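Notes to accompany the following structure.
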Amino acid sequence: MTTTTPATRYETVIGLETHVQLLTERKMFCDCSAAYADAPPNTHVCPVCMALPGVLPVMNRKAVEFTIMTGLALNCEIPPFAKFDRKNYPYPDLLKGYQISQFDMPSTQNGWVEVQVEGEEPRRVGITRAHLEEDTARLTHKEGADGESYSLIDMNRSGVPLMEVVTDPDMRSAEEAREYLLKLRQILRYMGVSNANMEEGNFRCDANISLRPVGSAEYGAKVEIKNMNSFSAVYNAIQYEVRRQTEELDAGRVIAQETRGWVEDVNEAFGSDFAKGSTVSQRSKEGAHDYRYFPEPDLPPLTVDLSYVEKIRAALPELPDAKRARFQSEFGLSLYDANLLVETRAKAAFFEEAVAAIEDPTDAGRLRFARLIANWMIGDFTRLLNANETELADSRVTPKRLYAMISLIEQGTITGASAKSVFEEVFRTGGDPAAIVKDLGLEQIGGSDEISQIVDKVIEANPKPVADYRAGKQEAVKFLVGMSMRETKGRANPATLTEILKQKLEA
Amino acid sequence: MDLHWLSIDEASRRLDAREISSRELTKAVLDRIEAVDGRVGAYLSLAAESALESADAADKRRSDGERGSLLGIPVALKDVLSKRGLPTTCGSRMLESYVPPYDATVVELLDRAGAVVLGKTNMDEFAMGSSTENSAYHPTHNPWDLERVPGGSSGGSAAAVAAGEATFALGSDTGGSIRQPAALCGVVGMKPTYGRVSRFGLVAFASSLDQIGPFTRTVRDTATVLNAICGHDKRDSTSAPVDVPDFTVGLDRGVQGLRIGVPREYMPSSLDAGVRAKVEAALSAFESQGAIIERDVPLPSTEAALAVYYIIAPSEASANLARYDGVKYGFSYTQGKTMWENMEMTRGQGFGAEVKRRIMIGTYALSSGYYDAYYLKAQKVRTVIRNEFDAAFEKYDVLVSPVTPTPAFKIGEKANDPYAMYLNDVFTLPVNIAGLPGISVPAGLVDGLPVGLQVIGKPFDEEAVLRVASAFEAASGWQDQHPPL
Chain A
1205 MTTTTPATRY
1215 ETVIGLETHV
1225 QLLTERKMFC
1235 DCSAAYADAP
1245 PNTHVCPVCM
1255 ALPGVLPVMN
1265 RKAVEFTIMT
1275 GLALNCEIPP
1285 FAKFDRKNYP
1295 YPDLLKGYQI
1305 SQFDMPSTQN
1315 GWVEVQVEGE
1325 EPRRVGITRA
1335 HLEEDTARLT
1345 HKEGADGESY
1355 SLIDMNRSGV
1365 PLMEVVTDPD
1375 MRSAEEAREY
1385 LLKLRQILRY
1395 MGVSNANMEE
1405 GNFRCDANIS
1415 LRPVGSAEYG
1425 AKVEIKNMNS
1435 FSAVYNAIQY
1445 EVRRQTEELD
1455 AGRVIAQETR
1465 GWVEDVNEAF
1475 GSDFAKGSTV
1485 SQRSKEGAHD
1495 YRYFPEPDLP
1505 PLTVDLSYVE
1515 KIRAALPELP
1525 DAKRARFQSE
1535 FGLSLYDANL
1545 LVETRAKAAF
1555 FEEAVAAIED
1565 PTDAGRLRFA
1575 RLIANWMIGD
1585 FTRLLNANET
1595 ELADSRVTPK
1605 RLYAMISLIE
1615 QGTITGASAK
1625 SVFEEVFRTG
1635 GDPAAIVKDL
1645 GLEQIGGSDE
1655 ISQIVDKVIE
1665 ANPKPVADYR
1675 AGKQEAVKFL
1685 VGMSMRETKG
1695 RANPATLTEI
1705 LKQKLEA
Chain B
62 MDLHWLSIDE
72 ASRRLDAREI
82 SSRELTKAVL
92 DRIEAVDGRV
102 GAYLSLAAES
112 ALESADAADK
122 RRSDGERGSL
132 LGIPVALKDV
142 LSKRGLPTTC
152 GSRMLESYVP
162 PYDATVVELL
172 DRAGAVVLGK
182 TNMDEFAMGS
192 STENSAYHPT
202 HNPWDLERVP
212 GGSSGGSAAA
222 VAAGEATFAL
232 GSDTGGSIRQ
242 PAALCGVVGM
252 KPTYGRVSRF
262 GLVAFASSLD
272 QIGPFTRTVR
282 DTATVLNAIC
292 GHDKRDSTSA
302 PVDVPDFTVG
312 LDRGVQGLRI
322 GVPREYMPSS
332 LDAGVRAKVE
342 AALSAFESQG
352 AIIERDVPLP
362 STEAALAVYY
372 IIAPSEASAN
382 LARYDGVKYG
392 FSYTQGKTMW
402 ENMEMTRGQG
412 FGAEVKRRIM
422 IGTYALSSGY
432 YDAYYLKAQK
442 VRTVIRNEFD
452 AAFEKYDVLV
462 SPVTPTPAFK
472 IGEKANDPYA
482 MYLNDVFTLP
492 VNIAGLPGIS
502 VPAGLVDGLP
512 VGLQVIGKPF
522 DEEAVLRVAS
532 AFEAASGWQD
542 QHPPL
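Those protein sequences? They're chains A and B, same order as listed. Quick note on numbering: the first sequence equals residues 1205 to 1711 in the numbering used here. Quick note on numbering: the second sequence equals residues 62 to 546 in the numbering used here.
Pasting the structure below:
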């Protein structure tokens, strides 16, 4: 038997810590190549990143620049002084026995980023800091034939620049957390500072989740969730954890401050509404490490002068939010369409190149063409890319070709219906739309004589619908239009054809 | 004179004049090692074969017309400096099997200059100690009295130079580890300004205090070695992008008109009477040469220096020595049931008592809840100590003091009393705390045992330090005295 108490309503509080591998050529503190993805184990190594006795770190300036770029994109302060610290903890993947990180004087701090869950108002998520540190080596745990377990170590990843972006506890739902991560990834990719690919492990997220009664000003005990390797894992783990904590609190239990790991496919504790998987306790915070941070004596503090920051700011690419706003105001696009177009920098650039090709000198013409380009990009083009599992960058369609094809529609050379076939051909071959129209014989039937003949033929062949129409059944015309269009193989202008058909029927 | 007693200066003159070859010189020093090192124990490992090959290469370079002050000169390296292919044990069980695959910057520079590496010298484990008794392998004996310590931690390098087992040597100085053994063995030893010499390849003890420097038998030789090893290195971000002068120029300018201060706290009433007499004799010599001597220069925070040092150095060491976990190189305990047990046993068995003591002190000082009271406070006092030196150097060109409170003590005498051992470095470690250049120059014998005179200079003003040391050396003539081995 269970006793029911009036359910307390809780507010979910989420903060995210995201580790981002930076796309620098070199590692954080040595000259080894940081591009180790497909390299055999332990080939991108040197005495420094292997932590041999006697080596010293030398800071990678590019990584600092990337961090400052990120800080600026996230509306952060860039303090004039920053420093590196040693974060001490023993683990075999941390070769020095300490990680060089930034503790109390990070390179960037106190920023924000705007996120919007569909159907809700946009909200700002505070950025506590984005600081620089180094990645660890990679351990692979194995079991030998004799059942003894052992681990292999690959030091290629050791010392790769890692940026940690920490948010304030500002998110209130799994949806919002997901939107934040998507936004962060988009910004990082726009700037080219990271591949930001969760599945590849160069974009790794931990979530801090707590609940508190609605209206409470104090935070509840915080649970840190690790091991989430995809966007859906983050979403599912947060949903699971919110549900778990709700049940614990409702049952009158206290939430332990601890670290839990997300394990996929383990159970379905909360039924079919939830994805398979659960969070499992890893260690309690009370027993957590004391990292014994202290200033890194091997690296002088970083002095960042204002002119350097301004130089970086000036070189920043236009970021997605600004671009979206500009696309809306400049081309009259809807928020939805503009968002789709700025999704990636490549997509936005494609759109802008196509727009730049517009020859119509009038404002109205330019807007019309821009909207058509957007429609084609969001519609057929995206559909074909998805169907063929092709990236925009690898597609044969160029912005000029897309514009040229749209021009052919606008000039009346082809109909919208034919255009679909033409575009598929452009997509397949990368050919010139005009030439394709000619090859396929898809020029629009221009003269009303030709249409007239076809319409006559259709009227003659379909006495029943003709009679229906003439008896006042207006819908019957649709069938006749369809039949006529089929006869023209879609090459006639539907409006012209309908008009001629109606004239003849009513004659 | 026996070839093994030649100074760098004299040896290179004779090499240039083709009176001797580097092979002859190297062979003579190797013979000397063969003859006396069984008693002294200066070396941990010898590289006789490769030394003779290097000597031949140097002879070839010289016959091809190349000239250089260190070309073909035999050198001993403290076993904390990485040289490709030679064991680098740091005096520890932990690195007994470790052979670095790369050269320290100073080793590269010596190699370029054509110096001939004889082998690696004994030291206190990971440079922690003042007597070389903390070596995991064997103690080193003071060539002046084999029952006594040579000082430390670079005791092997000091003893090697004092006993004629190397023409010069390199050591490292974190709190006096070059100057103290140099004083106790009666040779010249210098710690340059922090940042003067690249630390790349020097196995770290305390990163903000460590500095590499030479042991030689004359001040001029020290200047010659500094010329070869100083300079900015992009592999060491703490090495200073500062021009390096020719340190041999101006050695003979004398001390006429120089302002020499004597810190009050460095001449305490407890100072050994013999040591005090030697310092007084030096001051009289300077005075008679026209220097302006001022006593009682206040450096009031000196008494805090020992505490500051024994917080900062172990704190840094606790992190620097974390890499020795048996996973990657060196000693590895493998009989444990778990990874953690193996790591703990590796460190428990691989490190000696003093190293473990300092790792624990440092770990404690950095711990949450203690950090502010210990590490942070020590850093603040460090700034105060630095400021006091800065103030003194507004009035004085150099400061002069004893190097150690007493001459060499007996082996075993202080081995079980860490604090008594630490007190040996009270006059040297403030210099590391402030990052200043300091030299120990032989000041004569007290009851048959050498003591040293310390000259401390402004940051990057090694020239003044060398000039004062050189003037004293010229007046005293102690450089021609050798231990009766």
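From the three backbone atoms N, C-alpha and C, an ideal C-beta is built for every residue, glycine too. Since the model is a prediction, treat every value here as computed from it, not as a measurement.
Run down chain C in chain order and give the residues with a C-beta less than 7 Å from the C-beta of residue i.
i	result
M404 (chain B)	Of the chains in the structure shown, none is chain C; the protein chains are A and B.
Who are the neighbours of residue i on chain B, taking C-beta pairs under 7 Å?
i	result
V1302 (chain A)	Correcting the residue type first, residue 1302 (chain A) is Tyr in the shown sequence and not Val. Simply A380 and A383.
D1494 (chain A)	S428 and S429
R1290 (chain A)	A380
What is the DSSP secondary structure of residue i, counted as helix, strand or coil?
i	result
Q1615 (chain A)	coil
Y104 (chain B)	strand
Y1302 (chain A)	strand
H65 (chain B)	helix
R193 (chain B)	For clarity, residue 193 (chain B) is Thr in the given sequence; the question names Arg instead. In this structure, T193 (chain B) counts as coil in the three-state DSSP scheme.
C1253 (chain A)	coil
T1463 (chain A)	strand
T1344 (chain A)	strand
L1385 (chain A)	helix
D1358 (chain A)	strand
R1213 (chain A)	coil
What in chain A is Cβ-close to residue i, meaning under 8 Å?
i	result
D386 (chain B)	P1294, P1296 and G1301
T149 (chain B)	P1257 and G1258
M62 (chain B)	Going along chain A, no residue has its Cβ under 8 Å from M62 (chain B), so there is no contact; the nearest lies around 37 Å.
Y255 (chain B)	Simply none; closest approach about 10 Å.
Y436 (chain B)	F1498
Y159 (chain B)	P1257
A156 (chain B)	Looking at the sequence provided, one finds Leu at residue 156 (chain B) rather than Ala. Near L156 (chain B) (Cβ distances below 8 Å), the residues of chain A are P1257.
M400 (chain B)	P1296 and S1355
S191 (chain B)	Correct list: empty, because the minimum Cβ distance to chain A is about 22 Å.
My understanding is that residue i touches residue j, with C-beta atoms under 8 Å, so please give their C-beta distance in whole angstroms.
i	j	result
D1339 (chain A)	G1363 (chain A)	7 Å
L546 (chain B)	A174 (chain B)	Incorrect: roughly 29 Å between the Cβ atoms, too far for contact.
P1261 (chain A)	D1502 (chain A)	6 Å
I1442 (chain A)	E1452 (chain A)	In fact, because the Cβ distance is near 15 Å, the residues do not count as touching under 8 Å.
P148 (chain B)	S106 (chain B)	5 Å
Output, in chain order, the set of chain A residues within a Cβ distance shorter than 7 Å of residue i.
i	result
L132 (chain B)	Correct list: empty, because the minimum Cβ distance to chain A is about 26 Å.
I165 (chain B)	Ile is not the amino acid found at residue 165 (chain B); the sequence shown has Ala there. Neighbours of A165 (chain B) on chain A, chain order: G1258.
V264 (chain B)	P1257 and G1258
R260 (chain B)	L1260
E474 (chain B)	Per Cβ cutoff of 7 Å: no residues; E474 (chain B) is ~31 Å from chain A at best.
K377 (chain B)	For the record, residue 377 (chain B) in the displayed sequence is Glu; it is not Lys. The answer, in chain order, is P1501.
At 9 Å on the CB atoms, spell out the chain B contacts of residue i, in chain order.
i	result
L1503 (chain A)	S298 and T299
Given that a residue counts as buried once 16 or more other Cβ atoms are within 10 Å of its Cβ, and exposed if not, what is residue i?
i	result
G1189 (chain A)	Residue 1189 (chain A) cannot be examined here, being either before or after the span of chain A that is shown, 1205 to 1711.
F1555 (chain A)	buried
K181 (chain B)	buried
H1345 (chain A)	exposed
F1285 (chain A)	exposed
Can you determine whether any heavy atom of the ligand NAP sits closer than 8 Å to the C-beta of residue i, and answer yes or no?
i	result
L64 (chain B)	Summarising the ligand content, the structure contains no ligands, and the ligand NAP is consequently not present.
Given residue i, which residues of its chain have a CB within under 8 Å of its CB, disregarding the five upstream and five downstream residues?
i	result
N1279 (chain A)	G1315, W1316, V1317 and I1331
E1647 (chain A)	T1617, I1618, V1641 and R1695
Going along the chain, which residues of its own chain have a beta-carbon closer than 6 Å to the beta-carbon of residue i, five neighbours each way excluded?
i	result
A267 (chain B)	T235, A374, E377 and A378
V1513 (chain A)	I1282
T283 (chain B)	V249, M251, P275 and T277
L91 (chain B)	A109
Closer than 7 Å by C-beta to residue i: which residues in its own chain qualify, once you throw out the five before and the five after it? Chain order, please.
i	result
P520 (chain B)	T254, G496 and L497
Name the chain B residues whose beta carbon is nearer than 8 Å to that of residue i?
i	result
P1251 (chain A)	P161, P162 and Y163
M1263 (chain A)	S298
M1254 (chain A)	K389
In chain A, which residues lie with their C-beta within 9 Å of the C-beta of residue i?
i	result
K417 (chain B)	The premise fails here: K417 (chain B) is roughly 15 Å from chain A at the closest Cβ pair, so nothing lies under 9 Å.
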